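**Q**
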Amino acid sequence: MTNVVIVGTDMIKFGRFPDRSIEALGAEAALMALDDCGLSINDMDAMYCGNLMYAPHMIGQRIMKEIGQTGIPVMNVTNACATGAAAIREAWIGIKAGVYDTVLCVGVEKMPQGLLDPGGEDDGIQREGILGSGLMPCVFAEAGMEHSLKYGTSFEQFAGISVKNHHHSTMNPKAMYQIETPLEMVMEAEMIAYPNTKLMCSVNVDGSAAAVLMSEDKARDMGLLNRAVRIKASALTSDPYSQRNHALSDWNSVTRLCARQAYEQAGCKPEDIDLIELHDCFATAEMLHYENLGLCEDGQAGRLVDEGETTLGGRIPVNVSGGLLSKGHPIGATGIANVVEIITHLRDEAAERQVKDARLGLTHVVGAGAACAIHILERIE
Amino acid sequence: MTLELSNDRCSVAPYLSVPNEGPPTLIGTRCGVCDEVLLGERVACGNCGGRKSLEAVTLSVKGKLYAFSVVYRSFPGVETPFVSAIVDLEGGGTLKGTLRNVEPDPHSLKQGMPVDVVFAAIDQKDNKGRPCTGYFFEPADQDQWG
């Protein structure tokens, strides 16, 4: 089967755009990604659109109306917070299968502000506060507390993750925020669900990101390999059974299963990876994924924070973009924006926040429900 | 041991049986193949996929606190702070719910703390105008045995 490469990619600066339509935001990133590789919509064999909030409304087709209605297959993909990454994976499958040579992926979201309603029974009973809290800050707080109760991971260590990611975002002009948040500021911010304070929760923003995937042979023929990166692994899992999963959302099993598959596909180990963009929807989540992705032994994640190993310049920089915590989390765009960030480093174009000699990068997202998607991307030498 | 739903009351959760007569019960399913205990009624075992040897069981109302968060910000109208708790039940099954009658202080709550599941009316009505039965966790009253 052919290798699949990403030849063009870009994202808009994440923010709040109440006066712009969702298709306008999606179209902007799509055209940026096409311009990045010098192609046009007429070169695309298919289009996959990742969007969650407007899933029934054919956002992919609405974007095509903005950028050129060529009549190609358009598929609208939704998979909770793994939506954008799932769109990339579907495109990857289409090219691997030989059905398409060149595919456009667009992730776009216009987010409501504040606490997101997790949905559920529609019988008029408000279960929030009765059956504990189903809101995401609490759901991820409980998962963090499981780690804390098992290993002694501290509030301060969880908060340190926010300090790091907000620091990283000061070097990313496309992040929603570029503000340093010292430890005291993070810890003294409004407590939402212990141990997650407001500055330890991702930002609901609008945003879009896009990528053009191509078979490696075609990219070579078109002379596009010099700025392309190779997809070494594309893995997607649903949550395998675990005993408490009905009550305590298990982000660990689903990520560990996915990571195992991704490392195996790529033929590499965690220590071979040069940088990671992982799903820091809450500070507590990032802590768990250090271990889930094999960056350290179980129980050692807090130490990674203490010793700055995941900070830019450290052993394995994580979320150099600022992460969901500071760059923002426009759900459908998030998985593709992670890919944009890794590619920027693999191309040595990340300026002030560049991870030196980046050769292999990993993107990770989890969607509540649950889904995990991991891509491992490689610089083409 | 099957799920009974009253015509007169609604249940807060699909695994909480609220019969017309008698007290509410927590309903589970034990898989005879892998011995896993699952919440609610099942057509197949979530663990092994087995469809035979599924046995309806009543879950214990005694358990131990496994994990929790103290929630300070919730939807408008929901009283905070409250403790959102994950409780492992004796004999199998894990439930999420609100732990009441404790200080909502993350430093005073301990993993392994014994709790009871207490059934209670909830001060809400469903779309059909029916009152609702739910459950809460409370610290186990160990004195009553001593």
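Sequences listed follow chains A and B, in order.
Going by our numbering, the first sequence opens with residue 1, and the numbers climb by one from there.
Going by our numbering, the second sequence opens with residue 1001, and the numbers climb by one from there.
We put the CB at the ideal spot given by N, CA and C, even for glycine.
This one's a predicted model, so the numbers in the text were calculated from it and none came from an experiment.
Measure from the alpha carbon of Gly114(A) to the alpha carbon of each residue in Val203(A), Val254(A), Gly207(A), then state which is nearest.
**A** Of the listed residues, the one whose Cα sits closest to Gly114(A) is Val203(A).
**Q** Taking the straight line between their C-alpha atoms, what separation do you get for Cys1087(B) and Arg359(A)?
**A** The sequence given here places Val at residue 1087(B); Cys does not occur at that position. Rounded to the nearest angstrom, the two C-alpha atoms are 45 angstroms apart.
**Q** Taking DSSP as the reference, what is the three-state secondary structure of Met222(A)?
**A** In this structure, Met222(A) counts as coil in the three-state DSSP scheme.
**Q** Which residues in chain B sit within 7 angstroms of Met191(A), going by Cβ to Cβ distance?
**A** Result: Tyr1072.
**Q** Between which two residues does the alpha helix (DSSP H) containing Glu341(A) stretch?
**A** First-last of the alpha helix (DSSP H) with Glu341(A): 331-346.
**Q** In three-state terms, what does DSSP make of Phe1075(B)?
**A** Three-state result, Phe1075(B): coil.
**Q** List the endpoints of the continuous beta strand (DSSP E) containing Leu236(A).
**A** 229-238 is the extent of the beta strand (DSSP E) around Leu236(A).
**Q** By how many angstroms is the C-alpha of His167(A) removed from the C-alpha of Leu213(A)?
**A** Near 31 angstroms, if we compare the C-alpha coordinates of His167(A) and Leu213(A).
**Q** At 7 angstroms on the CB atoms, spell out the chain A contacts of Glu1079(B), in chain order.
**A** Residues of chain A passing the Cβ test: Gly129.
**Q** Exposed or buried, which one is Glu1090(B) when buried takes at least 16 other CB atoms within 10 Å?
**A** The residue is exposed, with fewer than 16 neighbouring Cβ atoms inside 10 Å.
**Q** Can you tell me whether DSSP reads Leu154(A) as helix, strand or coil?
**A** It should be noted that the sequence gives Ser, not Leu, for residue 154(A). Reduced to three states, the DSSP call for Ser154(A) is coil.
**Q** Using the rule of at least 16 other Cβ atoms within 10 Å of the residue's Cβ for burial, across every protein chain shown, is Met1113(B) buried or exposed?
**A** By the 10 Å Cβ count, Met1113(B) comes out buried.
**Q** With DSSP as the reference, please indicate the residues paired to Thr1029(B) in a beta bridge.
**A** Thr1029(B) pairs with Leu1038(B), Ala1056(B).
**Q** Put Lys1064(B) into one of helix, strand or coil per three-state DSSP.
**A** DSSP places Lys1064(B) in strand when its eight states are reduced to three.
**Q** Could you check whether the segment 157-167 of chain A touches the segment 181-193 of chain A, counting it as contact only if at least three pairs of C-beta atoms, one from each stretch, sit closer than 8 angstroms?
**A** Judged by Cβ distances under 8 angstroms, the segment 157-167 of chain A makes contact with the segment 181-193 of chain A, as three or more pairs qualify.
**Q** Which residues, taken in chain order from the segment 1047-1060 of chain B, show a beta carbon closer than 7 angstroms to some beta carbon of chain A?
**A** Within the segment 1047-1060 of chain B, the residues whose Cβ lies closer than 7 angstroms to some Cβ of chain A are Asn1047, listed in chain order.
**Q** Using the beta-carbon count (16 or more within 10 Å), is Gln1144(B) buried or exposed?
**A** A caution first: Gln1144(B) carries a pLDDT of 48, below 50, which makes its placement in the model too unreliable to give a value.
**Q** Where does Leu377(A) sit, in a helix, a strand or coil, going by DSSP?
**A** Looking at Leu377(A) - three-state DSSP - the assignment turns out to be strand.
**Q** In its own chain, which residues sit with a C-beta less than 6 angstroms from the C-beta of Pro1014(B), not counting the 5 before and 5 after it?
**A** Once the five neighbours on either side are set aside, the close Cβ partners of Pro1014(B) are Gly1040.
**Q** Could you tell me whether any Cβ in chain B is nearer than 9 angstroms to the Cβ of Asn292(A)?
**A** No, Asn292(A) lies away from the interface with chain B (no Cβ there is under 9 angstroms from its Cβ).
**Q** Under a three-way DSSP split, which group does Cys37(A) fall into?
**A** Helix.
**Q** May I ask which residues mark the beginning and end of the beta strand (DSSP E) holding Asn76(A)?
**A** Asn76(A) -> beta strand (DSSP E) spans 74-77.
**Q** Candidates Asp1008(B), Asp1126(B), Arg1030(B): which alpha carbon is nearest Asn1020(B)'s?
**A** When each option's Cα is compared against that of Asn1020(B), the closest is Asp1008(B).
**Q** Under 9 angstroms, Cβ to Cβ, is there at least one residue of chain B near Glu142(A)?
**A** Cβ-Cβ to chain B under 9 angstroms: yes for Glu142(A).
**Q** May I ask which residues mark the beginning and end of the alpha helix (DSSP H) holding Glu188(A)?
**A** Its alpha helix (DSSP H) spans residues 183-188.
**Q** Consider the Cβ of Glu146(A): report whether some Cβ of chain B lies at a distance smaller than 9 angstroms.
**A** So, interface residue.
**Q** Thinking C-alpha only, which one of Lys65(A), Asn76(A), Leu34(A), Val108(A) is nearest Phe17(A)?
**A** With distances taken between Cα atoms, Phe17(A) lies closest to Val108(A).
**Q** Name the chain B residues whose beta carbon is nearer than 7 angstroms to that of Cys138(A)?
**A** In chain order: Ser1069, Val1071, Ser1084.
**Q** Residues of the segment 170-196 of chain A with a CB closer than 9 angstroms to any CB of chain B: list them in chain order, please.
**A** Within the segment 170-196 of chain A, the qualifying residues are Glu190, Met191, Ile192, Ala193, Tyr194, Pro195, Asn196.
**Q** Does any residue of chain B have a CB that is nearer than 9 angstroms to the CB of Ser21(A)?
**A** Closer than 9 angstroms: no.
**Q** How big is the Cα-Cα spacing for Thr311(A) and Gly144(A)?
**A** C-alpha separation (whole angstroms): 20 angstroms.
**Q** Helix, strand or coil for Leu248(A) per DSSP?
**A** Of the three classes helix, strand and coil, the one that applies to Leu248(A) here is coil, per DSSP.
**Q** Between Ile1027(B) and chain A, is the shortest Cβ-Cβ distance under 9 angstroms, so that the two count as touching?
**A** For Ile1027(B), the answer is no, since every Cβ of chain A falls outside 9 angstroms of its Cβ.
**Q** Give the secondary structure of Tyr48(A) by DSSP, where H, G and I count as helix, E and B as strand, and everything else as coil.
**A** Here Tyr48(A) sits in strand by DSSP.
**Q** Is it right to say Gly1146(B) is buried, meaning 16 or more other beta carbons lie within 10 angstroms of its own, or is it exposed?
**A** At Gly1146(B) the pLDDT is 35, less than 50, meaning the model places this residue with poor confidence and gives no usable figure here.
**Q** Have a look at the DSSP bridge pairing and note the partners of Tyr1084(B).
**A** Looking at the sequence itself, residue 1084(B) is Ser, so the reference to Tyr does not match. Ser1069(B), Thr1098(B).
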